[in-house]
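> Line order of the protein sequences matches chains A and B. Following my numbering, the numbering of the first sequence begins with 948 at its first residue and continues without gaps. Following my numbering, the numbering of the second sequence begins with 11 at its first residue and continues without gaps. Here a beta-carbon is modelled for each residue, glycine too, at the ideal position from N, C-alpha and C. Please read all numbers here as calculations on a predicted model, not as lab measurements. Sharing a structure with you now.
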Amino acid sequence: MSAVALQMVCVAGLLGLAALAIVLGRSKISTPVIYGATLAVSVFALAGALRSLLGGAADATTLTLPVGLPWLGAHFRLDALGSFFLIVINLGGAAASLYGLGYGHHEHAPHRVLPFFPAFLAGMNLVVLADDAFSYLLCWEFMSLASWALVMAHHREPGNARAGYVYLVMASFGTLTLLLAFGLLAGPAGGYGFAAIRAAQHTPYVATLVLILMLLGAGSKAGLVPLHVWLPLAHPAAPSHVSALMSGVMTKVAIYGFIRVMFDLLGQPSWPASVVVLFLGSITAVMGILYAMMEKDLKRLLAYSTIENIGIVFASLGLAMAFQANGLKAAAALAFTAALFHALNHSFFKSLLFFGAGAVLTATGERDMDRLGGLIHRMPFTSFVVLVGCVAISALPPFNGFVSEWLIFQAVLQSPELPQWALKIMVPAVGAMLALAAALAAACFVKTYGVTFLGRPRGTTAATAGEVDRFSLAAMFSLAALCLLAGILPGLVIDALAPVASQILGGRMPAQSGQAWLSIVPIAESRSSYNGLLVMVFITLAASLAVYFIHRLASHALRRGPAWGCGFSDATPAAQYSSVSFAQPIRRVFGTLVFHARDHVTMPPPGDLRPARLRIELHDLVWNGIYAPIASAVGFSSTRLNRLQFLTIRRYLSLVFATLVTLLLVLAIWS
Amino acid sequence: MVVISDIIVQGVQMLLVLLLAPLLTGYVRKIKARLVRRQGASIFQPYRDLLRLLRKEVVLAENASWLFRVTPYITFAAIWVAAALVPTFATGLLFNWTADLIAIVALLGSARFFLALAGMDIGTSFGGIGSSREVMIAALAEPAMLLIVFCLALVAGSTQLSTVSHLLASSYVGLRVSLGMALVALFMVAIAENARIPVDNPATHLELTMVHEAMILEYSGRHLAMIELGAFLKLLLYVSLIACVFFPWQIALYGSGVLSYGIGAGAYILKLALAGFLLALFETATAKMRVFRVPQFLGAALMLGLLGTLLLFVSRSF
Chain A
948 MSAVALQMVC VAGLLGLAAL AIVLGRSKIS TPVIYGATLA VSVFALAGAL
998 RSLLGGAADA TTLTLPVGLP WLGAHFRLDA LGSFFLIVIN LGGAAASLYG
1048 LGYGHHEHAP HRVLPFFPAF LAGMNLVVLA DDAFSYLLCW EFMSLASWAL
1098 VMAHHREPGN ARAGYVYLVM ASFGTLTLLL AFGLLAGPAG GYGFAAIRAA
1148 QHTPYVATLV LILMLLGAGS KAGLVPLHVW LPLAHPAAPS HVSALMSGVM
1198 TKVAIYGFIR VMFDLLGQPS WPASVVVLFL GSITAVMGIL YAMMEKDLKR
1248 LLAYSTIENI GIVFASLGLA MAFQANGLKA AAALAFTAAL FHALNHSFFK
1298 SLLFFGAGAV LTATGERDMD RLGGLIHRMP FTSFVVLVGC VAISALPPFN
1348 GFVSEWLIFQ AVLQSPELPQ WALKIMVPAV GAMLALAAAL AAACFVKTYG
1398 VTFLGRPRGT TAATAGEVDR FSLAAMFSLA ALCLLAGILP GLVIDALAPV
1448 ASQILGGRMP AQSGQAWLSI VPIAESRSSY NGLLVMVFIT LAASLAVYFI
1498 HRLASHALRR GPAWGCGFSD ATPAAQYSSV SFAQPIRRVF GTLVFHARDH
1548 VTMPPPGDLR PARLRIELHD LVWNGIYAPI ASAVGFSSTR LNRLQFLTIR
1598 RYLSLVFATL VTLLLVLAIW S
Chain B
11 MVVISDIIVQ GVQMLLVLLL APLLTGYVRK IKARLVRRQG ASIFQPYRDL
61 LRLLRKEVVL AENASWLFRV TPYITFAAIW VAAALVPTFA TGLLFNWTAD
111 LIAIVALLGS ARFFLALAGM DIGTSFGGIG SSREVMIAAL AEPAMLLIVF
161 CLALVAGSTQ LSTVSHLLAS SYVGLRVSLG MALVALFMVA IAENARIPVD
211 NPATHLELTM VHEAMILEYS GRHLAMIELG AFLKLLLYVS LIACVFFPWQ
261 IALYGSGVLS YGIGAGAYIL KLALAGFLLA LFETATAKMR VFRVPQFLGA
311 ALMLGLLGTL LLFVSRSF
């Protein structure tokens, strides 16, 4: 059986599971049966995708099914790029299923989640496998609707209905732009197969329009600023393992769509396109993490941080486009590999962190960080793995987030070879923006971890929380292990990504497997090298040495006492730094510009016993500047057009007649 | 044989930075005291402080978690590894290809990440204020540092410190405008990263003015000793970094014999003495700034780094 047929069998299995979930309904066994079977299918599909990526995926396999458009059929194809994204999807799917085995028991309406969960996974797999525009769009819409149903699983909770509505509008808008993009690519002859599109020559005019439409369509699904508004509403509204899939995996499917069209179908990218992508990517990275810094809802913070990481991936893809447009194959392969590596890493640690947020939600029922605290004492295992996730997402060695950002910075350093002045000036600024985003991410995750897991509990539920079940812990520990492994053995990942770069760009990074001590060398050893394994070993050795000598030589005495309060002890837990107060310095430095942030202090006059009040004013300028005017314009015109509903039959007939005459006139003048 | 001598040189380097670090801090303190006409403590006082802290018992806050207890060791280890990878008296050390300059900066970032978390662990306002300000300063200092790295990497064509140092030591490079800007920017970043005046005051215990000291307020005994030693090491690291990149004179090349290693070590100690004196002079002559003036200070460093990088993009000869 060919590789693509194997994947299609897995997809059919997932769709069958969705049907089975409907049949099982509310029965008690449905949760373990569905998640267990999804786990098995995902692991199987993962193994297949790994085999096809590592074992000579250069020759793509295709499959045509007699469904879809009658003269076209439904084409499916599995190549190196598709295999890589199938690995991301099915790894995330397997982890989410494992997590769901435990987490699903707390679901009060499992029949609203279980049918859509395998269907959502099947939709994402199908998007990556589709090889003609019609199947692609159909699968894309199927994926969007399945995820929408999951967002609406808890539709009675406040805010979720709005989240679902905004998501539906944005998803429809995105599909519309993708439809137009594929229409343009297919051309007047209507060659909707990807092979026909790849073979055709596209004029620069078409290429520019397709770039804009893809940025709107794939960008809105991935969460590019300013199309991100639905993401922080919809991702947190779903159950946590679905949030993990949406943030960790579905955004990668959008990136896949962007890569497939811009690098594969359109052929050689142009350098002005890369300027646009670089600009949007770097703005998205900084804005995403600033939004996250201001947020106090745990899951929404993670969703904003997804926006940041998508920005990093897009900036890196922009670099790859710039290098590729100028024929710098080695640098393009470096930037492209870095982008894919970061996408993979993000799927690891973002899924892990959403699982952690789900565990906190299960244990305390809270998503508001300012009511949590001190969970490290009551949830020791969860807090440990979430710490791993926080270190990894903050791009700190020796974990995986650092390796991919390091590769991106190495790609930035290749930019003086670019001939265009716009790019020469822009790329260092993009590098600085990415460094700012990385530093802010570290600040943001110090806040997240410090407020949620450290300190003293700020609420009664946080004070009485308990550890979560074993399935959830197993899912989180396996993702944390992957974060560490990808961080200390990055050469294996880079070599595994080489077929993808060769297929898309026609060039690849130098093979890393032959390097001494498993270090990675993107260009040459005299230029730069990094060895995550040795860094890890050195830190462990140095720390062990320090511990050994301290415990041999220093005093062992240890006494527990009250915290030092400068003479004012026994402060309430409310006096701790909260997420809002932790963000204050950064809000003051960046927020005054980006959010028009103002702090209003209401101080009662002397002698008055009322407490002083601090009110923080934040404005979402993207929402206020773009979406609110559009919404009010739509509201205004629909109120006006509402009058048309109450006309007499004579007026309707005259309207129809007038329209007919106008159209005929237009036709007559046109021809 | 070669491997053994390499290991010895690397080991000497690791021990040297560990042993010299408290001395540098003591020396800076002594010079600062003399500049304001005080007698000042002996330059060996930091060693005595460390020994005294090691002998004392640890007073742990009731709410402290395991993270609070392991952070001093993690922080110390990360800074020590970073300091061991910066060439001091010789380039081409055994493990210098393990981490380039970007990775060294990130290692210091790891140390700060854990220290900021430890500041949040007890649940007092002091730790919170220290941590939140520390990450704010870091958020501004890290992009500036990265632009300095870009600037150096464009001149030297590498982010490996040994290669950079080796190249800048040769007559091939000469004086450059962009390198001058990078030097000033790196100095400003080093001031901020090491919590020195005018960004932070290492000697104060007045809560409103302190950043780093507020964050570690709850630490005592052997834990505090580890954190103090880490801070000493960090100062030494930045001085070594500036010395090996901008003033690489007499730094011994790879495998060049005992005599030139000796000369390199002597030159290194002289450079440390000079840098310590200049730091003390600068600190005595400036006043500490308000915490919300720091963004402007570091913004200037960022702009200098960006300007230096852009100049290099315009022409490699700037």
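1. Only counting the same chain, and skipping five residues up and downstream in sequence, which positions put a Cβ closer than 6 Å to that of residue 1516 of chain A?
2. At a Cβ threshold of 8 Å, is residue 1592 of chain A touching chain D?
3. Consider the Cβ of residue 1356 of chain A: report whether some Cβ of chain B lies at a distance smaller than 8 Å.
4. Compare the Cα-Cα distances from residue 52 of chain B to each of B:41, B:71 and B:46 and report the closest residue.
5. Closest Cβ-Cβ distance between residue 112 of chain B and chain A: below 8 Å?
6. Go to residue 1508 of chain A, then tell me how far its beta strand (DSSP E) extends in each direction, as first and last residue.
7. Measure the alpha-carbon distance for residue 1342 of chain A versus residue 116 of chain B and round it to whole angstroms.
8. Answer yes or no: do residue 1008 of chain A and residue 1065 of chain A have a C-beta to C-beta separation smaller than 8 Å?
9. Does the Cβ-Cβ distance between residue 1267 of chain A and residue 1290 of chain A come in under 8 Å?
10. Give every residue of the same chain whose Cβ lies closer than 8 Å to the Cβ of residue 1573 of chain A, excluding the five residues on either side of it in the sequence, and list them in chain order.
11. Would DSSP call residue 227 of chain B helix, strand or coil?
12. Just to make sure I have the definition right: I need the residues of chain B whose C-beta is within less than 9 Å of the C-beta of residue 1324 of chain A. Which are they?
13. Check this for me: beta carbons of residue 1250 of chain A and residue 1345 of chain A, under 8 Å apart or not?
14. Applying the criterion that 16 or more other CB atoms from any shown protein chain within 10 Å of the CB defines a buried residue, is residue 1513 of chain A buried or exposed?
15. I'd like to know whether the C-beta of residue 197 of chain B is nearer than 8 Å to at least one C-beta of chain A.
16. If we cut at 8 Å on Cβ distances, does residue 1256 of chain A have a partner in chain B?
17. Do residue 248 of chain B and residue 99 of chain B have their C-beta atoms closer together than 8 Å?
18. State the beta-bridge partners of residue 1078 of chain A as determined by DSSP.
19. For a contact meaning CB atoms closer than 7 Å, what does residue 1396 of chain A contact in chain B?
20. Can you pull the chain B neighbours of residue 1402 of chain A, defined as C-beta to C-beta under 9 Å?
21. Does DSSP put residue 1192 of chain A in a helix, in a strand, or in coil?
22. What is the DSSP secondary structure of residue 1023 of chain A, reduced to helix, strand or coil?
23. Exposed or buried, residue 1378 of chain A, counting other C-beta atoms within 10 Å across all chains shown (16 or more means buried)?
24. What is the C-beta distance between residue 1235 of chain A and residue 1252 of chain A, in whole angstroms, given that I count them as a contact (C-beta under 8 Å)?
25. Near residue 1171 of chain A, what residues of its chain come up, given a Cβ to Cβ distance below 6 Å and the 5 sequence neighbours on each side ignored?
26. Just to confirm my understanding: we take residue 158 of chain B, look at its own chain, exclude 5 residues before and 5 after, and list those with CB closer than 6 Å. What are they?
27. Across the segment 161-168 of chain B and the segment 144-151 of chain B, are there enough close Cβ pairs to call them in contact, namely three or more that are closer than 8 Å?
28. Rank A:1491, A:1301, A:991 and A:1263 by C-alpha distance to the C-alpha of residue 1193 of chain A and give the top, closest one.
29. Counting only Cβ-Cβ distances shorter than 7 Å, please list the residues of the segment 1446-1479 of chain A near chain B, keeping chain order.
30. Is residue 146 of chain B close to chain A, meaning its C-beta is less than 8 Å from at least one C-beta of that chain?
31. So, at 6 Å on beta carbons, what are the nonlocal neighbours of residue 1624 of chain A in its own chain, with the 5 sequence-adjacent residues on each side left out?
32. Please say whether residue 146 of chain B and residue 208 of chain B have beta carbons closer to each other than 8 Å?
33. Which one of A:1526, A:1612, A:1584 and A:1548 has the shortest CA to CA distance from residue 1240 of chain A?
34. Mind reading off the beta-carbon distance from residue 1400 of chain A to residue 1323 of chain A? Whole number of angstroms is fine, and I expect it under 8 Å.
35. Could you run through the segment 80-96 of chain B and flag, in chain order, every residue whose CB is less than 7 Å away from some CB of chain A?
36. Using a Cβ-Cβ cut-off of 8 Å, state whether residue 142 of chain B counts as contacting chain A.
Let me spell this out:
1. Excluding residues within five positions, the ones whose Cβ falls inside 6 Å are 1509.
2. You won't find chain D in this structure, because its protein chains are A and B.
3. Interface flag for residue 1356 of chain A against chain B is set, since a Cβ pair is found closer than 8 Å.
4. Ranking the options by Cα distance to residue 52 of chain B, first place goes to B:41.
5. With 8 Å as the cut-off, residue 112 of chain B counts as an interface residue toward chain A.
6. Per DSSP, the unbroken beta strand (DSSP E) holding residue 1508 of chain A starts and ends at 1505-1508.
7. Rounded to whole angstroms, residue 1342 of chain A to residue 116 of chain B spans 8 Å at the Cα level.
8. Residue 1008 of chain A places its beta carbon 8 Å or farther from that of residue 1065 of chain A.
9. No, the Cβ-Cβ distance between residue 1267 of chain A and residue 1290 of chain A is not below 8 Å.
10. The residues are 1173.
11. For residue 227 of chain B, the secondary structure class from DSSP, reduced to helix, strand or coil, is coil.
12. Per Cβ cutoff of 9 Å: 73 and 75.
13. Not closer than 8 Å, so no.
14. The residue is exposed, with fewer than 16 neighbouring Cβ atoms inside 10 Å.
15. By this cut-off, residue 197 of chain B is not an interface position.
16. For residue 1256 of chain A, no Cβ of chain B is located within less than 8 Å of the residue's own Cβ.
17. The Cβ atoms of residue 248 of chain B and residue 99 of chain B lie no closer than 8 Å to each other.
18. Residue 1078 of chain A is not bridged to any residue.
19. Here the neighbours are 127.
20. Within chain B, the residues near residue 1402 of chain A are 73, 130, 131, 132, 133, 134, 137 and 138.
21. Residue 1192 of chain A falls in the helix class under three-state DSSP.
22. Judged by DSSP in its simplified three-state form, residue 1023 of chain A adopts strand.
23. Here residue 1378 of chain A is buried. Its C-beta has 16 or more other C-beta atoms within 10 Å.
24. Contact flag correct, Cβ pair sits at about 7 Å.
25. Contacts found: 1227 and 1231.
26. Taken in chain order, the residues that qualify are 192, 195, 196 and 315.
27. No: fewer than three Cβ pairs fall under 8 Å.
28. Considering only alpha carbons, the answer is A:1301.
29. In summary, the residues of the segment 1446-1479 of chain A whose CB is separated from some CB of chain B by less than 7 Å are 1466, 1472, 1473, 1474, 1475, 1476, 1477 and 1478, in the order they occur in the chain.
30. Chain A contact via Cβ: present.
31. Here chain A covers residues 948 to 1618 and nothing more, so residue 1624 of chain A does not appear.
32. No, these two residues do not count as a Cβ contact at 8 Å.
33. The residue from A:1526, A:1612, A:1584 and A:1548 with its alpha-carbon nearest to that of residue 1240 of chain A is A:1526.
34. Right, the Cβ-Cβ distance comes to about 5 Å (below 8 Å), so this counts as a contact.
35. Contact annotation: in the segment 80-96 of chain B, residues whose CB is within less than 7 Å of a CB in chain A are 83, 84, 86, 87, 88, 90 and 91.
36. Chain A contact via Cβ: present.
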